[in-house]
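By the count of the numbering used here, the sequence shown reaches residue 499 at its end, each step adding exactly one.
Backbone N, C-alpha and C fix where the C-beta goes; we use that ideal spot for every residue, glycine too.
From a predicted model like this one, the values you see are computed outputs, not experimental measurements.
Structure record follows, encoded as structure tokens.
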Amino acid sequence: MEILKYFDFAELRKIARLALPIFLGSMASMGMAFTDTVMAGHLSAADLAGIALACTFIFTLTISGSGFALATTPVISADHGSRNYKLLLEHFYQIVFIALGLSFATVTLLALSSLLLPFFELEPKVYRTALEYLLISLLGIPGYFVFHALRTLTEGMSYTRLTMYVSFIALFINAGLNYIFMYGKLGIPAMGGSGSAVSTVMVQTFMALFQWYRIRRISYFSMLQFRLRDFRPDFAVIGKFVRLGFPIATALFFEVAFFTFMGLVVTFMGTSMIAANQIYYNLMSIIYMLPFALSQVVAIRIGFTRGENNLDKTFRAIVTCYTAGLVLALATAVTTYLCRNYVGALYTDDPEVIAIVSGSFVIISLYQLADFCQINGIGILRGFQDNRIITVASVCVYWLIGLPVSLILCFTDWLGGPYEFRGLWSGLCVSLYVLAVIYTVRVASDMRRIKKSGWDSGR
41 MEILKYFDFA
51 ELRKIARLAL
61 PIFLGSMASM
71 GMAFTDTVMA
81 GHLSAADLAG
91 IALACTFIFT
101 LTISGSGFAL
111 ATTPVISADH
121 GSRNYKLLLE
131 HFYQIVFIAL
141 GLSFATVTLL
151 ALSSLLLPFF
161 ELEPKVYRTA
171 LEYLLISLLG
181 IPGYFVFHAL
191 RTLTEGMSYT
201 RLTMYVSFIA
211 LFINAGLNYI
221 FMYGKLGIPA
231 MGGSGSAVST
241 VMVQTFMALF
251 QWYRIRRISY
261 FSMLQFRLRD
271 FRPDFAVIGK
281 FVRLGFPIAT
291 ALFFEVAFFT
301 FMGLVVTFMG
311 TSMIAANQIY
321 YNLMSIIYML
331 PFALSQVVAI
341 RIGFTRGENN
351 LDKTFRAIVT
361 CYTAGLVLAL
371 ATAVTTYLCR
381 NYVGALYTDD
391 PEVIAIVSGS
401 FVIISLYQLA
411 DFCQINGIGI
421 LRGFQDNRII
431 TVASVCVYWL
441 IGLPVSLILC
451 FTDWLGGPYE
461 FRGLWSGLCV
471 SLYVLAVIYT
481 VRVASDMRRI
491 KKSGWDSGR
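What follows is the structure in structure tokens.
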């Protein structure tokens with residue numbers, strides 16, 4: 041096939057050098073969620089369930105908001121590729137203003153969402169843990185979004201190691217703080233599951249401050265002349281970035297809302313199902329970090345080569361990253377299936393929860409092949425700044441295809457069910473395969489268009 045001529049081992053090495061720190065940094069970030077889940081699970085199933093419910097609301101809004109950072113990373117990359125550092129700084133300042141605006145909106149919405157908790161049929165301890173965790177976590181939201189704005193700067197400039205270092209330091213701090221606040225050490229009373237929220241707030245604030253401190257100290261960023269007097273809003277640029285990021289944020293919202301919906305449905309199936317679903321979600325989130333890293337890198341590489349106006353390098357980055365993603369997808373699918381009988385015990389001692397998790401692992405293996413393809417497709421489209429299709433596809437596929445399939449498999453016997461929460465995850469799996477096809481077709485179309493008419497050809 042003609043397209044395979046663009047596979048390039050030299051490009052593969054560049055992708056690996058960029059992707060490995062992003063992957064490890066993301067794994068460290070997920071390691072904090074893993075640590076929270078495991079430590080809460082060993083307190084009690086009620087603590088785990090309370091954190092799971094609170095995180096359902098938190099992740100829906102914070103991950104959706106991070107879509108603005110994902111959308112603007114290729115812009116920083118293009119500025120870096122063209123060596124226009126004055127424009128790069130101007131763009132970065134506006135990304136910070138967007139992060140501050142997102143912080144205010146997210147805190148407000150999460151505070152309001154706490155009013156919904158009484159409507160769920162929860163055990164008293166689950167309700168108390170969920171409410172305390174949700175309200176305490178509000179204090180860490182500004183740190184979360186500012187850190188992502190700083191991450192946009194460093195990763196957009198192809199310096200992916202810094203986020204990895206900061207994330208690993210934060211991982212160890214988080215584990216230590218969890219031990220202190222959850223179990224009551226150093227004279228501090230035991231706070232149970234809600235103690236994890238205190239740790240999270242402190243760690244998110246630390247990550248933002250330390251990331252900024254290191255940017256100012258590393259010589260790689262010495263060409264950036266930060267001046268406080270230049271830090272002012274440019275509403276024209278903010279508007280441009282909002283229009284660029286809104287499709288990604290909306291797509292993430294509807295994707296995460298689908299997970300939220302599943303989490304809320306599972307709350308009516310009992311504490312064991314809630315805990316099992318949280319383990320499932322946490323594990324899938326960890327595995328997701330590998331395709332996410334590749335998606336980030338391909339968007340960075342496309343932005344950089346666009347700034348260089350080098351179309352051949354762009355196509356080499358796309359084909360090489362896509363091929364590597366498919367190979368890794370097959371490898372992780374096989375590995376996770378072979379380990380299916382051991383994972384549940386890492387999270388909890390509850391035999392009922394372990395049995396539920398172990399009996400559903402085939403879904404995880406099937407899920408990964410589609411997830412790699414669709415996440416890589418999103419990264420390429422972000423690099424092309426062709427974001428509208430992502431919104432349309434996400435809304436239509438998740439909610440017009442995935443939702444009906446999930447409900448049918450979960451609650452009816454039409455296809456041999458009901459399969460309960462496994463049916464919900466199977467519906468998500470179907471959605472990902474449909475999205476993988478849509479994004480692959482769109483990427484091929486964009487590549488033909490750009491090859492024929494150049495970068496300035498629009499849709």
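Can you tell which of Ala68, Ser84, Ser69 has its C-alpha closest to the C-alpha of Tyr223?
Selected option, being the one with the closest Cα: Ser84.
Quick check on His82: does DSSP put it in helix, strand or coil?
Three-state result, His82: coil.
Look at Cys361 and Ile55 and say whether their C-beta atoms are less than 7 Å apart.
It is a contact, given that the beta carbons lie within the stated cut-off.
For Met263, is the classification buried or exposed, using 16 other Cβ atoms within 10 angstroms of its Cβ as the cut-off for buried?
That one is exposed.
Give the range of the alpha helix (DSSP H) segment to which Met487 is assigned.
Looking at the DSSP string, the run of the alpha helix (DSSP H) that includes Met487 is 461-493.
Measure the alpha-carbon distance for Arg257 versus Gln265 and round it to whole angstroms.
Approximately 12 Å between the Cα atoms of the pair.
Pick from Val338, Phe159, Ile326: whose alpha carbon is nearest that of Leu64?
Of the candidates Val338, Phe159, Ile326, the one whose C-alpha sits nearest the C-alpha of Leu64 is Ile326.
What do you reckon, are the CB atoms on Gly196 and Ser117 nearer than 7 Å?
A contact, by the Cβ cut-off of 7 Å.
Under a Cβ-count criterion, where at least 16 other Cβ atoms within 10 Å of its own Cβ denotes burial, should Val367 be classed as buried or exposed?
That one is exposed.
I need the boundaries of the alpha helix (DSSP H) containing Ser434, first residue and last residue.
Counting along the chain, the alpha helix (DSSP H) containing Ser434 begins and ends at 428-436.
In chain order, what residues of the same chain lie with their CB nearer than 8 Å to the CB of Ile403, ignoring the 5 residues before and after it?
These residues qualify, in order along the chain: Arg462, Trp465, Ser466, Cys469.
Between Ala433 and Leu472, which are expected to be in contact by the criterion C-beta below 8 Å, what is the C-beta distance as a whole number of angstroms?
Between Leu472 and Ala433 the Cβ distance is about 11 Å, and since that is not below 8 Å, they are no contact.
Would Ala59 pass as a contact of Leu334 if the rule is Cβ separation under 7 Å?
In this structure, Leu334 lies closer than 7 Å to Ala59 by Cβ.
Do Ala109 and Thr192 have their CB atoms nearer than 7 Å?
In this structure, Thr192 lies closer than 7 Å to Ala109 by Cβ.
Looking only at C-alpha atoms, which of Gln251, Tyr321, Ile342, Leu202 sits nearest to Glu51?
Checking every option, the nearest Cα to that of Glu51 belongs to Ile342.
Straight-line CA distance for Tyr387 to Phe246?
The straight-line gap from Cα to Cα measures roughly 27 Å.
I'd like the list of long-range same chain contacts for Tyr219, defined as Cβ closer than 8 Å, with 5 residues on each side in sequence excluded.
Once the five neighbours on either side are set aside, the close Cβ partners of Tyr219 are Met79, Lys225.
Throw me the rounded Cβ distance for the Phe281 and Gln134 pair, which I believe falls under 8 Å.
About 6 Å separates the two Cβ atoms, so the contact holds.
What is the rounded straight-line gap between the Cα of Gly498 and the Cα of Arg201?
Note that Gly498 has pLDDT 48, beneath the 50 cutoff, so the model's placement of it is unreliable and the number below is only indicative. Going by the C-alpha atoms only, they are around 34 Å apart.
Please report the distance separating the alpha-carbon of Leu178 from that of Ser69.
Rounded to whole angstroms, Leu178 to Ser69 spans 18 Å at the Cα level.
Short check: CB of Ala94 to CB of Gln318, under 7 Å?
Going by C-beta atoms, Ala94 is not nearer than 7 Å to Gln318.
Would a check of beta-carbon distances place Phe63 closer than 7 Å to chain D?
Absent from the structure: chain D. Only one protein chain is present.
May I ask you to verify whether the region 148-155 touches the region 164-178, counting CB pairs closer than 8 Å and requiring at least 3?
Output reads yes: the region 164-178 touches the region 148-155.
Verify whether the separation of the beta carbon atoms of Ile420 and Pro287 is less than 7 Å.
No, Cβ-Cβ distance for Ile420 and Pro287 is not below 7 Å.
Please list, in chain order, all residues of the same chain as Val474 whose beta carbon is under 7 Å from its beta carbon, the five residues on each side excluded.
For Val474, where only same-chain residues beyond five positions count, the Cβ hits under 7 Å are Val437, Ile441.
Please state the DSSP three-state secondary structure of Arg168.
Arg168: helix per DSSP, three-state reduction.
Contact between the region 367-383 and the region 336-350 is defined here as three or more beta-carbon pairs at a separation below 8 Å; is this criterion met?
Flag = no, the region 367-383 and the region 336-350 do not touch.
By Cβ distance below 7 Å, which residues in the same chain neighbour Ile415 in space, the five residues on each side in sequence not counted?
Result list for Ile415: Pro331, Phe332, Ser335, in chain order.
Taking 7 Å as the threshold (C-beta atoms), are Gly232 and Val166 in contact?
Result no, Cβ atoms of Val166 and Gly232 do not sit closer than 7 Å.
Would you mind working out which of Leu292, Phe355, Ile448 sits nearest Arg488, comparing C-alpha positions?
Among Leu292, Phe355, Ile448, the Cα nearest to that of Arg488 belongs to Phe355.
Between the Cα of Ile62 and those of Gln251, Ser198, Arg422, Arg267, spot the shortest distance and give me the residue it belongs to.
Ranking the options by Cα distance to Ile62, first place goes to Ser198.
Please go through the same chain and pick out, in chain order, the residues whose beta-carbon is closer than 8 Å to the beta-carbon of Ala395, but skip the five residues on each side of it.
Taken in chain order, the residues that qualify are Gly384.
Please classify Glu51: does DSSP put it in a helix, a strand, or coil?
If DSSP states are grouped into helix, strand and coil, Glu51 belongs with the helices.
In chain order, what residues of the same chain have a beta carbon less than 6 Å from the beta carbon of Gln244, not counting five sequence neighbours either side?
Contacts found: Gly180, Gly183, Tyr184.
Check Arg499 in the structure and name its three-state DSSP category.
Confidence at Arg499 is low in this model, with a pLDDT of 49, below 50, so the placement of that residue is unreliable and no value is reported for it.
According to DSSP, simplified to helix, strand and coil, what is Val383?
Val383: coil per DSSP, three-state reduction.
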